[in-house]
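What follows is a short report on a single structure.
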Amino acid sequence: MLFANVKSKLGALMVVFTALAVSGRAWEWMVTPLRDERATSVERPVVSPGAGALFGWLGGFRALAADFLWLRMHALWETRDLPGTQTLIGLTTAVDPRPIYFWLNGARILAYDLPAWRIGAEGGYETVPVERQRVIEAEQARLALRHIAAARRVQPASATLWIEQANIELNRLHDVAAAAESYRQAWAQPGAPYYAARLHAELLRRLGRKAEAYAWLRALHPQLPGHDEGAGAVLVLTRIRELERELAMSPPETYQPKSE
Numbered sequence: 686m687l688f689a690n691v692k693s694k695l696g697a698l699m700v701v702f703t704a705l706a707v708s709g710r711a712w713e714w715m716v717t718p719l720r721d722e723r724a725t726s727v728e729r730p731v732v733s734p735g736a737g738a739l740f741g742w743l744g745g746f747r748a749l750a751a752d753f754l755w756l757r758m759h760a761l762w763e764t765r766d767l768p769g770t771q772t773l774i775g776l777t778t779a780v781d782p783r784p785i786y787f788w789l790n791g792a793r794i795l796a797y798d799l800p801a802w803r804i805g806a807e808g809g810y811e812t813v814p815v816e817r818q819r820v821i822e823a824e825q826a827r828l829a830l831r832h833i834a835a836a837r838r839v840q841p842a843s844a845t846l847w848i849e850q851a852n853i854e855l856n857r858l859h860d861v862a863a864a865a866e867s868y869r870q871a872w873a874q875p876g877a878p879y880y881a882a883r884l885h886a887e888l889l890r891r892l893g894r895k896a897e898a899y900a901w902l903r904a905l906h907p908q909l910p911g912h913d914e915g916a917g918a919v920l921v922l923t924r925i926r927e928l929e930r931e932l933a934m935s936p937p938e939t940y941q942p943k944s945e
C-alpha cells in the first residue's frame, strides 16, 4: 500500500512536470509580455486572463502545479527578478486559488519587497527623492490591494485578508481611515482575532473620532472573555477610561461593566 501511494504521487508529479514542459510556449506567452519596465504598472494585469485555464485539465493535480510555480517564483524572488516574480504570484493563484498562503505572501511581496527593488534599481533610498519613493510604494501597494480583492472573491469570509489589507493601507499608503475600516471588516468575519477590534478603535482615536472609538470599545468590552489574556479585556477597559477623561464625561455617563 505504501509503495502504491508513493508510485501514485510520483505519477502525479510526472503529469504536472510533463504538462509544464509541454506548455513551455504558453509559459513564454504569459510571461514575456510582462518582462519590461511597464510590468510594475498597477494598470497592467499581473498575469494573462487565460493562465488559470492552462492547467485546468489537471484537476486534482492543480495543487501540485501551484506548488511548483510558487517554488519557481521564490527562485526568481531570490534574484530580484521583478516582472518574473510578479507574474508568477498571479499565475500561482490563478492555477490554484484555494490556499490563502499564496494570496497573503504574494500581497506582502508586492507591497513590501517589489517597491524596495524598484527604488534600488533607480539608485537606492539615499539617491531616489522621497516623493518618488512614495509614488513607487503607493503603486505597489495598490497592486497588492488588487491582489487581495481577487483573493476575497475566493475567500469572502477571511479575517486575515482584511487584516493584511489594513496593514498595507496603514503602513504603505498611510491611509488611516481606510485601515480603520478594514480592521472593522476583519472583526466582522468569523474567527477574527481580538486585536483587529482594538486596532479599529485605536485608529478612530488617532483620527480624532474619539466618540466613535468610545462607543465601539464600550460595545466591545462585554464580548471579551476575561480569562483569555489575548482578548485584552483589561486593556480595552483602560482605553475606555482614558477616552472618558478625554471626552470629559461625568460619572453617570461612564461605562460600568458588570464585573466592577
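Quick note on my numbering: the sequence shown kicks off at 686 and runs consecutively. Each residue gets a CB set at the ideal place from its N, CA and C atoms; glycine is no exception.
When the Cα atoms are used, residue 753 and residue 746 turn out to be separated by approximately 11 Å. Ranked by Cα distance from residue 794, the options 915, 866, 934, 829 are led by 829. Sorting 904, 791, 777, 862 by C-alpha distance to the C-alpha of residue 893 places 862 at the top. DSSP places residue 768 in the uninterrupted alpha helix (DSSP H) bounded by 767 to 780. The three-state secondary structure of residue 800, taken from DSSP, is helix. Our two residues, residue 832 and residue 875, have alpha carbons roughly 22 Å apart in a direct line. Within the same chain, Cβ atoms closer than 8 Å to the Cβ of residue 785 are found at 836, 840, 843, 845, 846, the five residues on either side in sequence being excluded. Secondary structure note for residue 818: its alpha helix (DSSP H) is the uninterrupted segment 815 to 839.
Here the alpha carbon of residue 939 sits roughly 7 Å from the alpha carbon of residue 929.
Residue range 895 to 905 is occupied by the alpha helix (DSSP H) that includes residue 895. Each residue's CA atom was taken as its position, placing residue 807 and residue 813 some 7 Å apart. Cβ-Cβ distances below 7 Å link residue 905 to 882, 921 in the same chain, with the five nearest sequence neighbours on each side left out; the list follows chain order. Assignment of residue 908 by DSSP, reduced to helix, strand and coil, places it in the helix class. At a Cβ-Cβ threshold of 8 Å, residue 761 and residue 749 do not count as neighbours. Taking 8 Å as the cut-off, the Cβ atoms of residue 873 and residue 864 do not count as close. Contact between residue 853 and residue 826 holds, since their C-beta atoms are separated by about 5 Å, short of 8 Å.
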